[in-house]
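S.K.: Here it is, the structure, as structure tokens.
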Amino acid sequence: MLRLLVEKKQNAEPFEWFEADGIAINPKESLQLRQIDDERDPIDLFVIKNTGNNGLLFKIKTTSPEKFRVRPSVGFIPPHESDYVRIQLQNEYRPTLKAERFLFMGIRTNNENIENFGTLWKESASQYKIEKTFNCHMATTESITLPSNDIFRQREPSIHSINNENTELRRKITELGQRQMIIIFMLLFLLIVHFLFVVQLRSSIDNLTDAITQTQHNSQIKSKRSDL
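Residue numbers for the sequence shown follow our numbering, beginning at 33 and rising by one.
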């Protein structure tokens, strides 16, 4: 069921994300802890997307480390990839949950040495650092049931029908393209025929003009001879 929660957050609407230069995090402001199906401890997730061209080294801290399990608390995300962090409140601490917060710390770097995060954080320039504080509270509805695999199976026929429609659309587009080519060839043929007709017509006119001119010339010669 955790996989379904990850997918749900990854496909969240744009307004549900915190976005900075080269990074996107869901949730945008606040973790909402809740029980998922038979999980004993309330959980929520950070989904982190590295949208930049450099690697992202990150660490997540909490004001109450004794209450929460953060897995993983430190990690590296390559460019244009994503990862998630599981935040789990130990159930015995639920009554004491008040104003706990989480701090996300990120460094744009291609250094994948997560063990050296503290040193890299101190040595990195501010323009390569990202900090964001998140609130944490129990969700209004404490339990949630995510879509089961059966629901996803029910969606498969509609996806299949969409694929069929896409295939039919591509076929029609191909046919339309072929018809366009035929029309283009027909137009070219008509243009060639028209051109040849014009050339032939001009040639005939020229020949007729030459014949008339020659006839007139011969008539003039005969007329001169008659005068003599």
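For every residue, glycine included, the Cβ atom is placed at its ideal position computed from N, Cα and C. Computed from a prediction, not measured in an experiment: that's the story for all the values here.
If you check the beta carbons only, do ASP76 and ILE109 fall under 7 Å apart?
M.R.: Along the sequence shown, one-based indexing puts residue 76 at 44. Along the sequence shown, one-based indexing puts residue 109 at 77. Cβ distance not < 7 Å, so ASP76 and ILE109 don't count as in contact.
S.K.: Tell me which same chain residues have a C-beta within less than 7 Å of the C-beta of VAL38, skipping the five on either side of it?
M.R.: Working through the sequence shown from its first residue, we reach residue 38 at position 6. So the qualifying residues of the chain are LEU77, VAL79, TYR116.
S.K.: Could you check the C-alpha separation between ARG72 and ASN123 for me, to the nearest Å?
M.R.: Here residue 72 is taken as the residue at index 40 of the sequence shown, counted from 1. Here residue 123 is taken as the residue at index 91 of the sequence shown, counted from 1. One C-alpha to the other measures close to 7 Å.
S.K.: Quick one: is ARG202 buried, meaning 16 or more other Cβ sit within 10 Å of its Cβ, or exposed?
M.R.: Start at 1 with the first residue of the sequence shown, and residue 202 comes out as number 170. Classification of ARG202: exposed, given that the 10 Å Cβ count is below 16.
S.K.: Answer yes or no: do GLN81 and ALA44 have a C-beta to C-beta separation smaller than 7 Å?
M.R.: As a first step, residue 81 is located in the sequence shown; it is residue number 49 there, counting from the start. As a first step, residue 44 is located in the sequence shown; it is residue number 12 there, counting from the start. Per the sequence presented here, residue 81 reads as Lys, with Gln not at that position. In this structure, ALA44 does not lie closer than 7 Å to LYS81 by Cβ.
S.K.: So if DSSP puts LEU121 in a beta bridge, which residue, or which two residues, is it bridged to?
M.R.: Against the sequence shown, residue 121 aligns to sequence position 89. According to DSSP, which records beta bridges pairwise, LEU121 is partnered with PHE100.
S.K.: With LEU121 and LYS99 assumed to form a contact (beta carbons below 8 Å), what rounded beta-carbon distance in angstroms separates them?
M.R.: On the sequence shown, position 89 is the one that residue 121 refers to. On the sequence shown, position 67 is the one that residue 99 refers to. Yes, they are in contact, since the Cβ atoms of LEU121 and LYS99 sit about 6 Å apart, within 8 Å.
S.K.: Grouping DSSP H, G and I as helix and E and B as strand, with all else coil, what is GLY87?
M.R.: Here the question's residue 87 lines up with position 55 in the sequence shown. In this structure, GLY87 counts as coil in the three-state DSSP scheme.
S.K.: Can the beta-carbon of ARG66 be found less than 7 Å from the beta-carbon of PRO59?
M.R.: Start at 1 with the first residue of the sequence shown, and residue 66 comes out as number 34. Start at 1 with the first residue of the sequence shown, and residue 59 comes out as number 27. No.
S.K.: Please classify GLU61: is it buried, with 16 or more other beta-carbons within 10 angstroms of its beta-carbon, or exposed?
M.R.: In the sequence shown, counting from the first residue as 1, residue 61 sits at position 29. Its Cβ having fewer than 16 others within 10 Å, GLU61 is exposed.
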